[in-house]
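Working notes, beginning with the structure itself.
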Amino acid sequence: MKITVLPVTDGLTHVLADVRQAGLQHADTDLTVIASTLTDVTVHGLRFCPDIDACLIPPASPVPGGAAAELAAFRVDAEWFRMNDLQLAAAVLRSRLMGLGYGLAAVTQAMSKRYAPDFTLLPLTDTAVETMVVVPGAQSEEAWPARRYTAEGRTDATRIARPVFDSAKAAPGVLKAIREADVVIFAVDERPEFTAEPTLRLPGMMDALTGTRAQVLTVGADRLDAETRTGLGGEKADERLAELLAEAASARPDDGPTTVWG
1 MKITVLPVTD
11 GLTHVLADVR
21 QAGLQHADTD
31 LTVIASTLTD
41 VTVHGLRFCP
51 DIDACLIPPA
61 SPVPGGAAAE
71 LAAFRVDAEW
81 FRMNDLQLAA
91 AVLRSRLMGL
101 GYGLAAVTQA
111 MSKRYAPDFT
121 LLPLTDTAVE
131 TMVVVPGAQS
141 EEAWPARRYT
151 AEGRTDATRI
161 ARPVFDSAKA
171 APGVLKAIRE
181 ADVVIFAVDE
191 RPEFTAEPTL
201 RLPGMMDALT
211 GTRAQVLTVG
221 ADRLDAETRT
231 GLGGEKADER
241 LAELLAEAAS
251 ARPDDGPTTV
261 WG
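Next comes the structure, spelled out in structure tokens:
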């Protein structure tokens, strides 16, 4: 059974854990995780992809005297952005590879070999997309990264800007993973305006989700507006995810075992 879950953020790792626990109980499950890239951020000149890192890197705390702690101690840039040494190391390598011209999909694939997850990890987009939130400033409006806006608890946004979003496309393999899945899980975190809603506006995304052969399940879809929920369709699975995955597995013809990527 092929399961695709998207767009996973660092606020939805519990959904990923539930999917893995339920889906990987079946020997023939092939799981693809599509991590959001819409609130990626550049800090200290390095490209951080917190949602990809949340899917890939084991949780860790900053090490006293470590590189991340030392950067924080300087208090010169982005004190609102918390990181640990593992995330910092990932950002250094990611920035170097992207600086050499590799797309984010290729970089993520290469970096996945370090941790060998039991699922295929894809970035939502192959290009750098950064969500900026425009807020009132002392003299004029200021554009803050969405992660800073959230971290500092602001609620006074005047608008949201994504400078390169109009040219962004789904990363290689993303739409295919949706179309060829047996089950697609579309998850919505607490800030749908930053991730879930723009995900649905990527070229081909809504067509893939509504035209797929897969059973489409939604988690947190009540956070979307009524028109978007209606357009997306699917079946609410918030409290029944494990049950619905088990039903999908039992209803699927036995095509023989497949190998989970790892």
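Be aware that the sequence shown starts at 1, since it is given in full-length UniProt numbering, and climbs by one per residue.
Using N, Cα and C, we set each Cβ at its ideal position, and we do this for glycine too.
What you are looking at is a predicted structure, and each value in this text was computed from that prediction instead of being measured.
Three-state class that DSSP yields for residue i in the structure shown
i           : result
Glu-227     : helix
Glu-190     : coil
residue 300 : The question about residue 300 has no answer, for the chain in this structure spans 1 to 262.
Leu-232     : helix
Ala-73      : helix
Ala-171     : coil
Thr-158     : coil
Thr-199     : helix
Thr-4       : strand
Thr-218     : strand
Beta-carbon spacing of residue i, residue j below 8 Å
i       : j       : result
Thr-131 : Arg-94  : no
Arg-147 : Phe-81  : yes
Leu-244 : Leu-209 : no
Thr-4   : Ala-170 : no
Asp-40  : Val-129 : yes
Thr-32  : Asp-51  : no
Ala-17  : Ala-242 : no
Thr-127 : Ala-168 : yes
Ser-112 : Leu-56  : yes
Ala-106 : Asp-85  : no
Pro-192 : Phe-165 : no
Distance between residue j and residue i (C-alpha atoms, nearest Å)
i       : j       : result
Met-98  : Val-15  : 29 Å
Asp-189 : Leu-200 : 14 Å
Pro-117 : Ala-187 : 20 Å
Thr-150 : Gln-109 : 29 Å
Glu-152 : Ala-72  : 16 Å
Gly-211 : Glu-141 : 41 Å
Val-183 : Tyr-115 : 25 Å
Phe-119 : Glu-70  : 34 Å
Asp-255 : Thr-29  : Residue placement at Asp-255 cannot be trusted, given a pLDDT of 44 that sits under 50; what the coordinates show is reported in the next sentence. Approximately 11 Å between the Cα atoms of the pair.
Arg-20  : Arg-240 : 14 Å
Val-8   : Ile-34  : 6 Å
Glu-247 : Met-1   : 11 Å
Ala-54  : Phe-48  : 11 Å
Arg-154 : Gly-137 : 12 Å
Asp-77  : Glu-227 : 40 Å
Gly-101 : Arg-159 : 32 Å
Whole-angstrom C-beta distance between residue j and residue i, which should lie under 8 Å
i       : j       : result
Leu-6   : Leu-104 : In fact, because the Cβ distance is near 15 Å, the residues do not count as touching under 8 Å.
Ala-91  : Leu-46  : 4 Å
Ile-185 : Ala-143 : Going by Cβ atoms, the distance from Ile-185 to Ala-143 rounds to 33 Å, so no, they are not a contact pair.
Leu-224 : Gly-204 : In fact, because the Cβ distance is near 19 Å, the residues do not count as touching under 8 Å.
Ala-231 : Met-206 : Just to set this straight, residue 231 is Gly in the shown sequence, not Ala. That belief holds up - the Cβ atoms of Gly-231 and Met-206 are roughly 7 Å apart, short of 8 Å.
(request) Pick out the complete beta strand (DSSP E) segments inside the segment 80–148, 3 residues or longer, and give them in chain order. (result) 120–123, 132–135, 142–145
(message) Give the list of continuous beta strand (DSSP E) stretches no shorter than 3 residues that lie fully inside the segment 12–47.
(response) The beta strand (DSSP E) runs of length 3 or more contained entirely in the segment 12–47 are, from start to end of the chain, 30–35, 41–43.
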